[in-house]
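Engineer: This is the structure, below, for whatever I ask next.
What follows is the structure in structure tokens.
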């Protein structure tokens, strides 16, 4: 199932946001290098989201991990509102209620890892958890098992379970929704991959379409190119 706002016959598709200046910087000892900020706007039951994570992010992560800062935003083309009678949050998701539940579960895991694991392990564990869930047979129900599989602390696992079964999951999904709704241009493709936060629609770049395609089909090369002439993985020379 394609996860586009409008029907499309080809898998072209994420809106990529790119800025070639203003990278973050990672400092190790006396050395520092640019870090590319990558945000992934996705859905737990979107086949294109699953494909991108499985084929683009996970295979290259070990090489790129010191050069990228990854943020996951599980929401996509959902909507939310507060019920005027119950004052509870309500959600609709592109692929139904199970996707909403899956988005909530991953939001809970992302939050629990951020707040419960060692700072130097947060990104590695988050990528591992999301990767495990999104490559499982049924992502919406896989988070608790994946939390155990990737080796999260018992307390972190408990926090995830409590979040999934409590009101915090709703609040976290609302927060992801608000962040998604602030995208400019607005989200129309899932997954949407952003890099350093400036949309190519706002950039005077002759190869915008090519860059968008790279985001989905050659993410590694795109990161290498965005790093520019500074320090980068040695594998970039062959990308």
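In mature numbering (1 follows the signal peptide of the UniProt record, and there is no 0), the protein residues as written are -29 to -1, 1 to 210. Every residue gets a Cβ at the ideal spot worked out from N, C-alpha and C, and that includes glycine.
(1) Determine the DSSP secondary structure at residue 61, reduced to helix, strand or coil.
(2) Please list, in chain order, all residues of the same chain as residue 100 whose beta carbon is under 7 Å from its beta carbon, the five residues on each side excluded.
(3) Expressed to the nearest angstrom, what Euclidean distance is found between the alpha-carbon atoms of residue 174 and residue 12?
(4) Count the other CB atoms within 10 Å of the CB of residue 136; is the residue buried (16 or more) or exposed (fewer)?
(5) Are the beta-carbon atoms of residue 110 and residue 73 separated by less than 7 Å?
(6) Flag this pair as yes or no: are the beta carbons of residue 151 and residue 10 separated by less than 7 Å?
(7) Take residue 181 and list the residues in its own chain whose beta-carbon comes closer than 8 Å to its own, dropping the five residues that flank it on each side.
(8) Do residue 113 and residue 104 have their beta-carbon atoms positioned less than 7 Å apart in this structure?
(9) Could you say if the segment 36 to 55 and the segment 153 to 162 meet the contact criterion of at least three C-beta pairs nearer than 8 Å?
(10) Would DSSP call residue -7 helix, strand or coil?
(11) Are residue 87 and residue 130 closer than 7 Å when you measure CB to CB?
(12) Whole angstroms are fine: how far does the CA of residue 125 sit from the CA of residue 19?
(13) In whole angstroms, what is the alpha-carbon distance linking residue 200 and residue 106?
(14) Decide if residue 203 is buried, meaning its Cβ has at least 16 other Cβ atoms within 10 Å, or exposed.
(15) Please list, in chain order, all residues of the same chain as residue 64 whose beta carbon is under 6 Å from its beta carbon, the five residues on each side excluded.
(16) Output yes or no for whether 7 Å exceeds the beta carbon distance between residue 16 and residue 51.
(17) Under the rule that 16 or more other beta-carbon atoms within 10 Å means buried, what is residue 14, buried or exposed?
(18) Between the C-alpha atoms of residue 58 and residue 38, what's the straight-line distance to the nearest angstrom?
(19) With respect to the beta strand (DSSP E) encompassing residue 44, which residues constitute its N-terminal and C-terminal limits?
(20) Taking just the CA atoms, how far does residue 36 sit from residue 7?
(21) For my contact list, residue 198 and residue 76 are in at a C-beta cut-off of 8 Å; report their separation, rounded to the angstrom.
(22) Would you list the residues sitting across from residue 98 in a DSSP beta bridge?
Structural biologist: The relevant details are as follows:
(1) strand
(2) 80, 84, 117, 118 and 121
(3) Confidence is the limiting factor: at residue 174 the pLDDT is only 48, short of 50, which leaves the residue's position unreliable and the question unanswerable from this model.
(4) Around the beta carbon of residue 136, fewer than 16 other beta carbons lie within 10 angstroms, which makes this residue exposed.
(5) Judged by beta-carbon spacing, residue 73 lies within the 7 Å limit of residue 110, meaning their Cβ atoms are closer than that value.
(6) no
(7) none
(8) yes
(9) yes
(10) With a pLDDT of only 48 at residue -7, under 50, the local geometry of the prediction cannot be trusted, and no value is derived from it.
(11) yes
(12) Taking the straight line from one Cα to the other gives about 32 Å.
(13) 34 Å
(14) buried
(15) Around residue 64: 49, 70 and 71.
(16) no
(17) Buried.
(18) 43 Å
(19) 39 to 45
(20) The alpha-carbon atoms of residue 7 and residue 36 are separated by roughly 10 Å.
(21) Residue 198 to residue 76, Cβ: 33 Å. No contact.
(22) Paired residues: none, contrary to the question.
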